[in-house]
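Asks: Let me give you the structure first, and then I'll get to my questions.
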Ligand SMILES: [Zn+2]
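In structure tokens, the structure reads:
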């Protein structure tokens, strides 16, 4: 018996999964999407990893608009299946990208006799967890099935009952966990509870992929601090640019996708007063909170309709309260603009991920950047190289960084292409 499954293309749709009458899921994407995906036009690195790994097990690729995985029933290797279904969990989890903080993104798949009989993901904090949706979706078919979940099931009463109890009650035979939850109130207790109940548990399948999915949540759990990413643009001759490449802000462009991933974005007021606030163009994207740094009085952002809330941090009176209230903008006055106060604010709001976007007037942001490097706050960099040579300003230098003597290693540096720009992303290694 030969069974075929398609690896579907990730998209953002917060509707809880509702399978059709057929328990087997067949999803596909167009040949254009496939060509773009293979041509690295779509950004998330996890999708490339995922595709590479799938291709190891591929035995044929049909011209039906999607990646095809062929599996022979007689020679099934369970560990091969585990990776496949875990990648599906991650794909499901990403449907709630930008929506789950302070919770992690989690996906769950219930598999019985080699068929997916239930799927679910965690859509938002306060809503049921992925396992609950998947078990509900599977109904009685969950009995003696295998549950795949990208993060360890919880074993505590929070806003929802523990998922371990739901899995035990549904009588699943086996649970495959992508990664152990770093949250100290979960950490391995979920796995222990399932094992105590006689369920066979496998941990660490596609662990790297699952960790990448929730890198901000993991960082927040382990350090108590938000995950901070620096983004900037360079010309090919190495000058900082206050501009983005053509098309990167459009749907599918790296910048549009990046905005969707972060809970908050730090911007210069000179950017937001000139243009409408940057927004992600991904379908159904949850827009990040905009933290606008204003160094001159009178700098007021021009909020766009799609943008979420805006807050101004300033060391001066930037506008009257009436002006701000009319625009629906909050303002915080500090003696001196500093990163610690901004991160404290973000933490209080339950934000896990912050994007420091070096656009507009670099002068507004360079002190924050210096602090973030000095205090080892930056975790990740995303750097866009635009396809031109630019000497117009004789090169923009960041004065505040001139006295900084620091050498940081960048791990897992990866390159991608977004329209005509090269985008690099990597993780700063702090010692
Ligand atoms: Zn749970």
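Residue numbers (UniProt numbering): 1 to 431. Glycine included, every Cβ here is placed at the ideal spot set by N, Cα and C. Only a predicted model underlies this, so the values are computations on that prediction, with no experimental measurement involved.
Run through DSSP, which three-state label would residue 351 get?
Replies: It is coil, neither helix nor strand.
Asks: For residue 88, count the other beta carbons within 10 Å of its own beta carbon; 16 or more makes it buried, fewer makes it exposed. Which is it?
Replies: Counting Cβ neighbours within 10 Å, residue 88 comes out buried, since at least 16 surround it.
Asks: So does the segment 231-245 actually touch the segment 368-384, counting three or more Cβ pairs closer than 8 Å?
Replies: Touching, yes, given that three or more Cβ pairs across the two stretches are closer than 8 Å.
Asks: Would you report the Cα separation of residue 149 and residue 420, rounded to the nearest angstrom?
Replies: Roughly 37 Å separates the two Cα atoms.
Asks: Here's a check: name, in chain order, each residue in its chain whose Cβ is nearer than 7 Å to the Cβ of residue 376, leaving out the five neighbours to either side.
Replies: Result list for residue 376: 430, in chain order.
Asks: Please state if the CB of residue 117 and the CB of residue 146 are separated by a distance shorter than 7 Å.
Replies: Contact flag unset, no.
Asks: Residue 367 to residue 338, Cα distance in whole Å?
Replies: About 8 Å.
Asks: Could you tell me if the beta carbon of residue 435 falls within a distance shorter than 6 Å of some heavy atom in ligand 1?
Replies: Outside the shown range of the chain (1 to 431) lies residue 435, about which nothing can therefore be said.
Asks: Spatial neighbours of residue 351 within its chain, please: CB distance less than 8 Å, with the 5 preceding and 5 following residues excluded, ordered by chain position.
Replies: Excluding sequence neighbours, residue 351 sits near 101, 102, 226, 263, 264, 289.
Asks: Express the C-alpha separation of residue 322 and residue 52 in angstroms, rounding to a whole number.
Replies: Reliability fails at residue 52, whose pLDDT of 33 lies under 50, so the model's placement of it is uncertain and the value that follows must be treated cautiously. Those two C-alpha atoms are separated by around 55 Å.
Asks: Mind checking whether the beta-carbon of residue 163 lies closer than 6 Å to any heavy atom of ligand 1?
Replies: Correct: residue 163 has its Cβ closer than 6 Å to ligand 1.
Asks: Cβ-heavy atom distance between residue 129 and ligand 1 below 6 Å?
Replies: Yes; taking the cut-off as 6 Å, the Cβ of residue 129 has a heavy atom of ligand 1 nearer than that.
Asks: Please list the segments of the beta strand (DSSP E) lying wholly inside the UniProt domain "CMP/dCMP-type deaminase" (80-202), counting only runs of 3 or more residues, in order along the chain.
Replies: Listed in chain order, the complete beta strand (DSSP E) runs (minimum 3 residues) inside the UniProt domain "CMP/dCMP-type deaminase" (80-202) are 107-112, 115-121, 146-149, 174-177.
Asks: DSSP beta-bridge partners for residue 227?
Replies: Its beta-bridge partners are 353.
Asks: Rounded to the nearest angstrom, what separates residue 115 and residue 205 at their Cα positions?
Replies: Taking the straight line from one Cα to the other gives about 19 Å.
Asks: Label residue 17 either buried or exposed according to how many other C-beta atoms from any shown protein chain fall within 10 Å of its C-beta, with 16 as the threshold for buried.
Replies: Caution is warranted here: a pLDDT of 39 is assigned to residue 17, below 50, making its placement in the model unreliable, and the coordinate value is therefore given only provisionally. The residue is buried, with at least 16 neighbouring Cβ atoms inside 10 Å.
Asks: Do you know how far the Cα of residue 401 is from the Cα of residue 237?
Replies: Cα to Cα, the separation comes out at about 19 Å.
Asks: With 16 other CB atoms within 10 Å as the buried threshold, where does residue 128 fall?
Replies: Buried.
Asks: With C-beta atoms as the reference, is residue 362 less than 7 Å away from residue 398?
Replies: Against a cut-off of 7 Å, the Cβ pair of residue 398 and residue 362 comes out as a contact.
Asks: From residue 310 to residue 359, what distance separates their C-alpha atoms?
Replies: If you take the alpha carbons of residue 310 and residue 359, they lie about 17 Å apart.
Asks: Considering just the uninterrupted stretch of the beta strand (DSSP E) at residue 313, what are its terminal residues?
Replies: Residue 313 -> beta strand (DSSP E) spans 310-314.
Asks: Assuming the contact rule is C-beta atoms closer than 8 Å, residue 364 and residue 293 should be a hit. Round their C-beta distance to whole Å, please.
Replies: That belief holds up - the Cβ atoms of residue 364 and residue 293 are roughly 5 Å apart, short of 8 Å.
Asks: Identify which residue in 104, 245, 267 has its Cα closest to the Cα of residue 154.
Replies: It is 104 whose Cα lies nearest to the Cα of residue 154.
Asks: Looking at the unbroken beta strand (DSSP E) that takes in residue 206, where does it start and where does it end?
Replies: Careful: residue 206 lies outside any beta strand (DSSP E) and carries neither H nor E.
Asks: DSSP three-state call for residue 401: helix, strand or coil?
Replies: In the structure shown, residue 401 sits in a helix (DSSP, three-state: H, G or I).
Asks: Which term fits residue 84, buried or exposed, when burial requires 16 or more other beta carbons within 10 angstroms of its beta carbon?
Replies: So residue 84 counts as buried.
Asks: Please list the terminal residues of the continuous beta strand (DSSP E) segment that includes residue 257.
Replies: First-last for residue 257: 254-261, but that is the alpha helix (DSSP H), not the beta strand (DSSP E).
Asks: Which residues does DSSP pair with residue 290 in a beta bridge?
Replies: DSSP, once it has assigned bridges, lists 265, 310 as partnering residue 290.
Asks: Run the CB neighbour count on residue 250, radius 10 Å, all protein chains shown included, and call it buried at 16 or more, exposed below.
Replies: Residue 250 comes out exposed.
Asks: Under DSSP, the alpha helix (DSSP H) around residue 363 begins and ends at which residues?
Replies: Per DSSP, residue 363 belongs to the alpha helix (DSSP H) from 362-374.
Asks: Roughly how many whole angstroms lie between the Cα atoms of residue 54 and residue 177?
Replies: Low per-residue confidence applies at residue 54: pLDDT is 35, beneath 50, and the placement is therefore not dependable enough to give any value.
Asks: Spell out a yes or no on whether the segment 118-127 and the segment 180-197 are touching, meaning 3 or more CB-CB pairs, one atom from each, closer than 8 Å.
Replies: The segment 118-127, when compared against the segment 180-197, does not touch it at the 8 Å Cβ threshold.
Asks: Apart from the five residues on each side of it in sequence, which residues of its chain come closer than 8 Å, Cβ to Cβ, to residue 378?
Replies: Result list for residue 378: 228, 229, 230, 356, 372, 428, in chain order.
Asks: Between the alpha carbons of residue 213 and residue 425, how many angstroms are there, rounded?
Replies: Taking the straight line from one Cα to the other gives about 15 Å.
Asks: Could you tell me the boundaries of the alpha helix (DSSP H) in which residue 323 lies?
Replies: Counting along the chain, the alpha helix (DSSP H) containing residue 323 begins and ends at 321-327.
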